[in-house]
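Presented below is the structure to which this report refers.
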Amino acid sequence: MFIQTEATPNPATLKFIPGREVLGEGHVADFPNAEAAKRSPLAMRLFGVEGVSGVFFGSDFVTVTKSDGEWQHLKPALLGAIMEHFTGGAPMLFDAVGGQVSAHAAHEGENAEIVAQIKEVLDTRIRPAVAQDGGDITFQGFEDGVVFLNMQGSCAGCPSSTITLKRGVENTLKHYVPEVTEVRAT
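Position one of the sequence shown corresponds to residue 515 (our numbering), numbered consecutively onward.
As structure tokens, then:
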């Protein structure tokens with residue numbers, strides 16, 4: 515088994531591509547701490563490596579965020595943990611649900627049509643690009659022209675996430691959904 519690694523815009527996060535499905539198209543799972551990792555054998559194994567502070571699963575990749583240490587020291591242990599998981603045949607998640615198909619928050623009411631447009635732009639134009647960098651951005655709310663988004667994986671805590679959010683995401687949403695005036699991270 516060959517596992518590729520890619521740097522992400524977040525220097526504290528590394529993307530691992532095992533060359534096979536992780537959660538499947540449209541599915542994601544975020545493990546921001548070791549407690550959350552208890553629902554995944556692989557996430558628990560990765561948190562067992564000293565210095566790991568976050569794990570995120572995408573459709574065909576795993577991102578790992580470190581709190582300290584150098585990648586040159588952490589990477590061999592992480593590659594070993596990922597390889598052992600995939601060759602051992604353990605499930606990705608203990609629960610029956612294969613991750614979230616849509617991690618967007620529900621929204622009903624007078625702005626339902628606008629919110630549907632926002633989610634459509636996020637799903638078709640923004641989330642695929644963000645997944646290339648090892649993360650995800652999900653809708654959390656819309657109020658008075660302001661879109662509230664949750665950043666996960668390599669996007670969470672990334673030094674360039676504010677620029678991405680304002681210049682990339684906000685400009686794209688404003689272009690396709692004129693009712694959007696601002697974007698904020700939650």
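Where a beta carbon is used, it is the ideal one built from N, C-alpha and C, also for glycine.
Please go through the same chain and pick out, in chain order, the residues whose beta-carbon is closer than 7 angstroms to the beta-carbon of residue i, but skip the five residues on each side of it.
| i | result |
| --- | --- |
| isoleucine 640 | Ile651, Val683, Thr686 |
| valine 563 | Leu588, Ala591, Leu592, Ala595 |
| valine 660 | Thr695, Glu696, Arg698 |
| lysine 580 | Ala526, Gly565, Val566, Ser567, Leu588 |
| glutamate 693 | Ile628, Gly659 |
| arginine 553 | Leu607, Phe608, Asp609 |
| asparagine 625 | Phe656 |
Buried or exposed: residue i, going by 16 or more other Cβ atoms within 10 Å of its Cβ?
| i | result |
| --- | --- |
| phenylalanine 516 | exposed |
| glycine 572 | buried |
| phenylalanine 608 | exposed |
| aspartate 544 | buried |
| valine 615 | Any reading at valine 615 must be qualified, since the residue scores a pLDDT of 44, below 50, and its modelled position is unreliable; the value itself is stated next. Exposed, because fewer than 16 other Cβ atoms sit within 10 Å of the Cβ of valine 615. |
| histidine 689 | exposed |
| arginine 559 | buried |
| threonine 678 | buried |
| valine 611 | Note on valine 611: pLDDT 47, under 50, position unreliable in the model; the coordinate value appears next. Flag for valine 611 reads exposed. |
Less than 6 angstroms between C-beta atoms, sequence neighbours within five positions excluded: which residues of the same chain meet that for residue i?
| i | result |
| --- | --- |
| glutamate 520 | Lys529 |
| glycine 667 | Phe570, Thr577, Gly648, Gly649, Asp650 |
| alanine 557 | Phe545, Ala551, Val569 |
| phenylalanine 662 | Gln654, Gly655, Arg698, Thr700 |
| glutamine 631 | Val691 |
| glycine 613 | Confidence is the limiting factor: at glycine 613 the pLDDT is only 47, short of 50, which leaves the residue's position unreliable and the question unanswerable from this model. |
Looking at C-alpha atoms only, which residue of the options is the closest neighbour of residue i?
| i | options | result |
| --- | --- | --- |
| glutamate 549 | Gly538, Gly540, Phe561 | Phe561 |
| glycine 540 | Gly603, Ser554, Thr638, Ala630 | Thr638 |
| aspartate 574 | Phe662, Gln518, Val691, Met665 | Gln518 |
| glycine 602 | Pro555, Asn547, Val542 | Pro555 |
| valine 536 | Glu584, Asn625, Pro605, Thr676 | Pro605 |
| leucine 636 | Asn547, Asn625, Met665 | Met665 |
In chain order, what residues of the same chain lie with their CB nearer than 8 angstroms to the CB of residue i, ignoring the 5 residues before and after it?
| i | result |
| --- | --- |
| phenylalanine 600 | Met515, Pro532, Arg534 |
| proline 642 | none |
| glycine 583 | Glu564, Gly565 |
Counting only beta-carbon separations shorter than 8 angstroms, does residue i have a partner in chain C?
| i | result |
| --- | --- |
| isoleucine 651 | No chain C is present in this structure, which holds just one protein chain. |
Which runs of the alpha helix (DSSP H), 4 residues or longer, sit entirely within the segment 544-593?
555-561
My parser needs the alpha helix (DSSP H) runs of 4 or more residues fully inside the segment 643-693; what are they?
685-690
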